[in-house]
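J.:
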Ligand SMILES: C[S@@+](CC[C@H](N)C(=O)[O-])C[C@H]1O[C@@H](n2cnc3c(N)ncnc32)[C@H](O)[C@@H]1O
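In my numbering, the protein residues as written are 4 to 199.
Here you go:
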């Protein structure tokens, strides 16, 4: 997809300045929660070594570097967005996670802003949840971020029955297993564990 010169400039600025700690992005509250509360906990906990981040965009391009001490995989369906993935990038749909990872091997899967942003059909969503459950290690962490708005949530959360395979997990920094991070876009983070 072609980008306007202004957007290209913004992306170039972000790519080059973030290395020096200069952040030119405009961030919503949910992004701040993800980066300032969720990521530090993942980096603090030595159990979280093998991490899959699904869905890449220009504003996530520095995530692989943040997680350089970990085995950080990125996965994105669109070839165009591959430029924002890391060295361990997979171009494929998250419905096919099982074709890239062995069962019980991932310590963390982050599916943030993908449900309702391309992953919109119920069978595809259920398939993805099932693949995530299969590939997560016992006690692995699943972070599901979505916007609870009619325009961005094609189904009610109760209809995503694949989530029932997981156990809600109280994520220590947020003291909750469900966290509404931004009242404007109703972005929610749900935290789950795969039972041993
Ligand atoms: C809103 S963007 C960025 C999401 C990013 N994970 C974040 O934290 O903001 C959503 C991305 O998900 C990707 N996507 C949509 N459906 C997908 C699927 N089935 N498998 C992998 N990526 C998908 C889209 O191509 C798009 O780049």
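Cβ atoms here follow ideal geometry from the backbone N, Cα and C, with glycine treated the same way.
Just so you know, these numbers come straight off a predicted model, no measurement behind them.
Within its chain, find whatever has a CB closer than 7 Å to the CB of residue 150; leave out the 5 residues flanking it on each side and keep chain order.
T.: Residue numbering aside, residue 150 sits at position 147 when the chain shown is read from its first letter. Cβ neighbours of residue 150 beyond the five flanking positions: 119, 156, 188, 189, 190.
J.: Taking only runs of the alpha helix (DSSP H) that begin and end inside the stretch 111-139, which ones reach a length of at least 4 residues, in chain order?
T.: The stretch 111-139 contains these whole alpha helix (DSSP H) runs: 125-138.
J.: Tell me, please, whether the stretch 77-90 touches the stretch 32-47 by the rule of three or more beta-carbon pairs shorter than 8 Å.
T.: The stretch 77-90 vs the stretch 32-47: no contact.
J.: Buried or exposed, going by whether 16 or more other CB atoms sit within 10 Å of the CB of residue 24?
T.: Here the question's residue 24 lines up with position 21 in the chain shown. Exposed.
J.: Using 8 Å as the threshold, is the C-beta distance between residue 197 and residue 142 below it?
T.: Counted from its first residue, the chain shown places residue 197 at position 194. Counted from its first residue, the chain shown places residue 142 at position 139. It is a contact, given that the beta carbons lie within the stated cut-off.
J.: Restricting to runs no shorter than 3 residues, where is the beta strand (DSSP E) found entirely within the stretch 154-193?
T.: Whole beta strand (DSSP E) segments, 3+ residues: 181-185.
J.: Given this structure, state the Cα-to-Cα distance separating residue 65 from residue 21, to the nearest angstrom.
T.: Mapped onto the chain shown, residue 65 falls at position 62. Mapped onto the chain shown, residue 21 falls at position 18. Distance between the alpha carbons of residue 65 and residue 21 is about 7 Å.
J.: I'd like to check one pair, residue 100 with residue 56: are the Cβ atoms closer than 8 Å?
T.: Numbered from 1 along the chain shown, position 53 holds the residue referred to as residue 56. Numbered from 1 along the chain shown, position 97 holds the residue referred to as residue 100. Contact flag unset, no.
J.: Can you tell me where the alpha helix (DSSP H) with residue 37 in it begins and where it stops?
T.: Indexing the chain shown from 1 puts residue 37 at position 34. Run containing residue 37: none; DSSP gives neither H nor E here.
J.: Which first and last residues belong to the alpha helix (DSSP H) in which residue 17 is found?
T.: As a working mapping, residue 17 is identified with position 14 in the chain shown. First-last of the alpha helix (DSSP H) with residue 17: 8-20.
J.: Within 10 angstroms of its Cβ, does residue 59 collect 16 or more other Cβ (buried), or is it exposed?
T.: The residue given as residue 59 occupies position 56 in the chain shown. Buried.
J.: At a cut-off of 7 Å, is residue 147 close to ligand 3 when judged by its beta-carbon and the heavy atoms of the ligand?
T.: With respect to ligand 3, the structure offers nothing, as its ligand set consists of ligand 1.
J.: Going by alpha carbons, who is nearest to residue 170 out of 146, 152, 184?
T.: For this step, residue 170 is matched to residue 167 along the chain shown. Per the Cα distances, 146.
J.: How far does the beta strand (DSSP E) with residue 84 in it reach, from first residue to last?
T.: Taking the first residue of the chain shown as position 1, residue 84 is located at position 81. Premise fails: residue 84 is in no beta strand (DSSP E) and is neither H nor E.
J.: Thinking C-alpha only, which one of 137, 13, 123 is nearest residue 158?
T.: For the purposes of this step, residue 158 is identified with residue 155 of the chain shown, where counting begins at 1. Looking at the Cα atoms, 123 is the closest of the given residues.
J.: In angstroms, rounded to a whole number, what distance separates the CA positions of residue 9 and residue 61?
T.: Here residue 9 corresponds to residue number 6 of the chain shown, with the count starting at 1. Here residue 61 corresponds to residue number 58 of the chain shown, with the count starting at 1. Looking at the two C-alpha atoms, the distance is approximately 13 Å.
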